[in-house]
Every structure is written in structure tokens, then in C-alpha cells.
Amino acid sequence: MESVTDKPDLFTTAGKIADLRARYTEAVVDAEAKAKDKQHAKGKMTARERIELLVDPGSFVEFDEYVRHRTTAFGMDRSRPYGDSVVTGVGTIHGRTVAVYSQDFSTFGGSLGEVAGEKIIKIMEFALAGGMPCIGILDSGGARIQEGVVALGKYGEIFRLNTRASGVIPQISIIMGPAAGGAVYSPALTDFVIMVDKTSQMFVTGPDVIKTVTGEDVGMEELGGAYTHNTRSGVSHYLAEDEDDAIDYARTLLGFLPDNNMAELPSYESAFEFETTDADRALNTIIPDSANQPYDIHTVIEHVVDDGDFLEVQPLFAPNIVIGFGRVEGRSVGIIANQPSQMAGTLNIEAGEKASRFVRFCDAFSIPIVTLVDVPGYLPGTDQEWEGVIRRGAKLLYAYAEATVPLVTVILRKAYGGAYIVMGSKQLGADVNLAWPTAEIAVMGGQGAVNILYRGEIKRAEEAGEDVAAVRTRLANEYTYDVASPFLAAERGELDGIIEPANTRVSIAKSLRALRGKRASLPPKKHGNIPL
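For the sequence shown, the residue numbers in the working numbering are 2 to 533.
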């Protein structure tokens with residue numbers, strides 16, 4: 002039994018320091034040891050281990066490790082651990098300060114109560130005041146039911162702060178476990194969501210509730226697992242293999258982003274070669290002779306960004322459009338490109354929403370946008386029309402038209418109809434529009450145009466017993482040459498230049514360099530009404 006003499010004398014300096022050390026041991030050292038026992042048994046890291054892996058070694062400074070919940074209902078007063086169910090603080094990533102919170106599933110299942118909510122709100126407010134990115138690591142059972150409406154109220158305050166911070170500081174959510182009910186909306190309001198395969202789940206209503214109400218029998222992974230949200234819903238932006246991969250992606254992503262909307266973009270030393278290289282010349286053979294033959298747009302992207310270093314965002318969702326970050330002359334750029342090897346590069350609802358959100362993010366943080374165009378049009382079908390391709394497709398129009406960052410567009414091959422306008426066209430405000438000689442710019446493709454423009458000639462060919470397929474091909478080629486030629490668009494000033502594919506990297510770099518001093522603003526207004 003501990004004697005009175007074992008307790009520190011709190012009326013002396015030495016005693017107060019000893020008391021602090023004892024409390025720190027209980028709050029951090031002992032709590033971490035217990036957390037490791039629980040989390041490691043499940044193959045997971047603890048909340049503090051995740052933070053330590055995320056930030057630069059030795060840089061983390063913890064906030065509020067001595068706070069405790071104040072709830073007495075349902076016997077909660079018998080367990081009042083220091084720090085409650087979340088670890089918060091600041092550290093550095095690549096030497097740049099970031100704010101972090103990491104939910105601790107080993108304490109009350111990571112549930113959010115009044116005190117845990119206050120800790121998250123406090124670190125978010127600190128991030129906003131300091132103009133630094135905020136990263137949340139989520140692993141929580143949801144609201145703490147013992148605390149009732151107070152817990153729900155804290156979620157509301159967090160959502161409001163997420164919204165206030167949107168477009169001001171980068172916000173990243175790393176889902177390391179469950180996020181259910183109201184808890185899912187905070188990550189949904191952040192800029193990027195990273196999920197871990199077979200570990201993360203997000204859903205508003207769980208499998209049991211769904212079965213009770215609708216009779217549907219669905220498992221946790223199928224309903225709201227990481228793969229589902231990366232391939233079907235588009236909620237997640239990256240499917241990580243494990244926790245290490247998730248954290249590595251977050252660190253890499255931050256390397257492309259500024260600290261806040263007023264800060265300069267991060268820049269790196271770049272030995273940029275302004276002469277055309279042998280690697281550049283490989284692009285001269287990338288476009289197949291057949292207009293219907295696909296190719297991988299990643300090859301083009303890797304040829305135009307520094308060192309072929311491209312960080313793709315949402316690679317598994319709407320793969321018919323590719324988005325992500327690269328660098329040109331050591332400076333961050335956002336890349337948006339149609340993918341001919343997926344659905345022929347057509348635009349659909351999912352692709353439009355994926356790209357429009359990315360355009361708005363880049364615009365909010367002054368990241369120049371490079372658009373690579375090879376789009377035959379919109380994906381036809383009743384499902385697209387009935388699910389709102391008009392309203393939802395208009396989001397990408399709105400995003401490009403609203404953007405004030407430098408916009409450079411290169412048309413590689415097809416640019417047909419409304420899809421041409423949507424993909425960063427001159428008419429929507431692009432600063433520099435270039436095209437390859439393989440570009441085809443028209444209201445529609447040659448085959449479709451033939452059915453309208455040459456209907457009579459085709460009918461006469463049929464009646465004369467001619468080879469109708471050959472006639473169609475000839476007429477389509479004539480239309481493409483006479484009407485869809487990029488030189489026709491250049492004559493009318495719709496293009497700023499037609500370049501050899503091998504010169505694309507240098508042309509983009511020179512265009513972005515010329516636009517570094519761009520100043521543009523929108524008419525005074527509270528905000529626009531994007532077609533959500």
C-alpha cells in the first residue's frame with residue numbers, strides 16, 4: 002500500500018514537478034502501453050503511433066493531454082482517462098507545420114463526446130488561425146451515446162469548421178477504422194479522403210439497420226468498405242494497402258499543396274530541360290493512326306511533368322478521366338485528362354463530378370491546371386439522362402468558368418461537341434489553348450456527321466450498288482479534314498497554337514511561366530449557385 006510519504010509534496014517546486022511527471026506517465030506513457038496491447042492485437046497502430054509516422058521524427062507537440070470528460074451518467078464517472086478519445090497537436094511534414102488529430106479507438110471506442118469534440122474543434126481553429134493544413138485520422142464508433150445531444154452538437158460544430166476551413170487550408174481525412182452515422186460527414190467535407198483496404202468503413206446507416214428497414218442483406222465491406230468508396234461512390238480519393246501506405250500517400254500529397262490559400266505553392270529545385278529530348282519525341286508516336294484505337298493517357302502525363310512524377314487522385318473511380326498532381330519546373334500543377342483506354346474517354350456523370358471538384362480545389366489554392374483533351378463526347382444512355390447528366394454535368398462547366406488560376410489546355414485528338422467546350426476550352430476562360438496536328442475539333446465525329454450531312458449521297462450509293470462502307474469512310478475522312486482540322490480552329494483564333502507532340506512538355510512549361518503573374522477576379526457577389 003502506498004504511504005503518505007510516497008506522494009509528492011505539492012507545496013514544493015520539486016513536488017509539483019514530480020506530480021507533473023506522474024500525471025504525464027498516466028496520461029501518455031501508461032495510456033499508450035494499454036493502447037498498444039489493444040490495437041496491436043488487431044494489427045493496427047495506436048493513435049499516437051499513427052501521428053508519429055505521419056509527421057517528421059520528433060516534431061509532434063501534443064495538445065490537451067490532460068483533459069478529461071465530465072460525464073457522470075451511466076457510470077461514466079468511474080472511468081475518466083486523460084486525453085479522452087482523441088490525440089491532438091501539431092508537427093511538421095517535410096518541415097512544414099501541420100495540425101493533426103487522431104482518434105483513439107482504445108479509449109471508449111474512439112467515440113466522440115463533449116471533451117473529445119472540443120479537442121478536435123480547438124485544433125481545427127488553431128489550424129485556421131495559423132494557416133496550416135489540418136489532417137484528421139479517424140477511427141471511431143461514432144457519437145458517444147452516454148452523452149446524448151451534447152455529442153451530436155459537437156459534430157455540428159466540427160462540420161461548420163470543416164466548411165469554414167474549406168478553400169482556406171487543405172484538409173485531409175485518413176480513415177483507419179469505422180466512421181459511421183454523422184461521423185462520416187466531417188471527412189466528406191474535407192478535400193481528400195484516404196481509406197485503408199479491409200480496415201476502413203464509412204456508412205450513414207449500418208448493415209443491421211438496412212436489413213431491418215429494407216430487408217437488404219449486405220456486409221460491412223460491400224456496403225461501406227474502402228474498395229466500395231474508391232470504385233463506386235467516389236467518397237474516397239485513394240485506396241491504401243495498409244496504414245503505412247495511407248500515411249505515405251498523405252505525406253506525398255501535402256508536398257504538392259500550399260499551407261493555405263494565401264501561401265505560395267511549394268517549389269523544388271528542377272533541372273528543367275528547355276530543349277526537346279529523345280523522351281519528348283516518344284510522344285510523336287503515341288496517337289494511333291486509327292481514331293478508334295485507344296492509348297494510355299498516363300504515358301502523356303508522365304512525359305509532361307517533371308521526372309514523370311504524377312500523384313493520381315481517385316484512380317479507381319470514373320477511370321475515364323484522370324486527375325492528379327505533378328510538377329512543371331519544380332512547381333505544382335493539377336492535371337486533368339481524358340482517358341481513351343476507358344470508355345473511349347467519354348464524359349459521364351461520375352467523370353464530370355470527379356473533375357469539377359478537382360478543378361475547384363486547385364482554383365481555391367492557386368494551383369495551375371493543365372488539361373489534356375481527347376474526348377469523343379458524352380456517354381449516351383437513359384441512365385445518364387435520368388440520373389441528371391444535365392445538372393450534374395454542368396458542374397464541370399461551372400468549375401472551369403469560375404476558375405481564375407492559370408489554365409493551359411492541349412487537345413491531343415478528339416474534341417467533339419459540348420464535351421469540347423467543357424474540357425477547359427478557350428470559351429470557358431482557358432488562357433492558353435494548344436493542339437496537336439492529330440486533333441479533331443468539331444460538333445461531332447466524322448461518322449456521325451456523315452449520317453446527317455451526306456444522307457442523300459449514301460442513299461444514292463446504295464441504290465447504285467456501290468460499296469457503302471467505303472463511301473462512308475471517304476466522306477467521313479473528308480469531313481474530318483475539311484471541318485474538324487485543328488488548322489481551321491487556329492484560323493479562327495480558337496487555338497493559340499498547333500504544336501508537335503514532342504514539344505508539349507516545353508510548351509506547357511513556357512505557358513505556365515508566362516502566366517505566373519496572372520491576376521483575375523470574379524464579379525463581387527456573396528457566392529455563386531453551382532448546380533449541386
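We put the beta carbon where it would ideally sit given N, CA and C, even for glycine.
- Taking the Cα of Arg233 as reference, the smallest distance to any Cα among Ala181, Asp310, Pro320 is reached at Pro320.
- DSSP places Met196 within a strand segment (E or B) once states are collapsed to three.
- Under DSSP, Ile324 takes part in a beta bridge, and its partners are Val314, Ile337.
- In this structure, DSSP gives Tyr156 a helical state, which the three-state scheme calls helix.
- In this structure, Met177 is the residue among Met177, Arg358, Phe160 with its C-alpha nearest to the C-alpha of Gly111.
- Fully enclosed beta strand (DSSP E) runs of no fewer than 3 residues occupy 62 to 64 of the stretch 15 to 79, in order along the chain.
- Between Asn349 and Gly114, the alpha-carbon positions lie close to 41 Å from each other.
- Ranking Phe366, Gly346, Val360, Ala356 by CA distance to the CA of Gly378 puts Gly346 first.
- In the DSSP assignment, Leu398 falls within the alpha helix (DSSP H) that extends over 390 to 403.
- Between the stretch 474 to 490 and the stretch 434 to 445 there are three or more inter-stretch CB-CB distances shorter than 8 Å, so the stretches are counted as touching.
- Per DSSP, Tyr250 is not a residue of any beta strand (DSSP E); the alpha helix (DSSP H) it occupies stretches across 244 to 255.
- Residue pairing by DSSP places Ile176 opposite Leu139, Met196 in a beta bridge.
- Exposure of Asp10 is indicated by the presence of fewer than 16 other C-beta atoms within 10 angstroms of its C-beta.
- Around the beta carbon of Tyr480, a 10 Å sphere encloses 16 or more other beta carbons of the protein chains shown; the residue is thus reported as buried.
- Put simply, the backbone Cα of Ser141 is about 52 Å away from that of Thr439.
- It is roughly 26 Å from the alpha-carbon of Asp105 to the alpha-carbon of Gly235.
- Under the DSSP assignment, Val116 falls in the alpha helix (DSSP H) whose first and last residues are 115 to 131.
- Contact between Leu55 and Ala241 is ruled out by a C-beta separation of about 13 Å, above the 8 Å threshold.
- Contact annotation: Val433 and Asp497 have beta-carbon atoms nearer than 7 Å.
- Secondary-structure assignment with DSSP links Arg332 through a beta bridge to Ser268, Val329.
- DSSP places Arg517 outside both helix and strand once states are collapsed to three, so it counts as coil.
- Counting along the chain, Ile302 sits inside the alpha helix (DSSP H) bounded by residues 298 to 305.
- Burial check for Phe257: the Cβ neighbour count within 10 Å reaches 16 or more, so the residue is buried.
- Apart from the 5 residues on each side of it in sequence, Asp57 sits with its Cβ closer than 6 Å to the Cβ of Thr93 in its chain, given in chain order.
- Glu441 carries a strand assignment under DSSP once its states are collapsed to helix, strand and coil.
- Counting C-beta pairs with one atom in each stretch, the stretch 163 to 182 and the stretch 77 to 96 have fewer than three that are closer than 8 Å, which means they do not touch.
- Per DSSP, Met203 is one residue of the beta strand (DSSP E) stretching across 202 to 204.
- If you ignore the 5 residues before and after Tyr156, its C-beta comes within less than 8 Å of the C-beta of Leu113, Gly118, Ala144, Gly183, Ala184, Tyr186, Ser187, all in its own chain and listed in chain order.
- About 20 Å separates the beta carbon of Ala100 from that of Met46, a gap too long to meet the 8 Å contact definition.
- Judged by their CB atoms, Arg517 and Val305 are not nearer to each other than the 7 Å cut-off.
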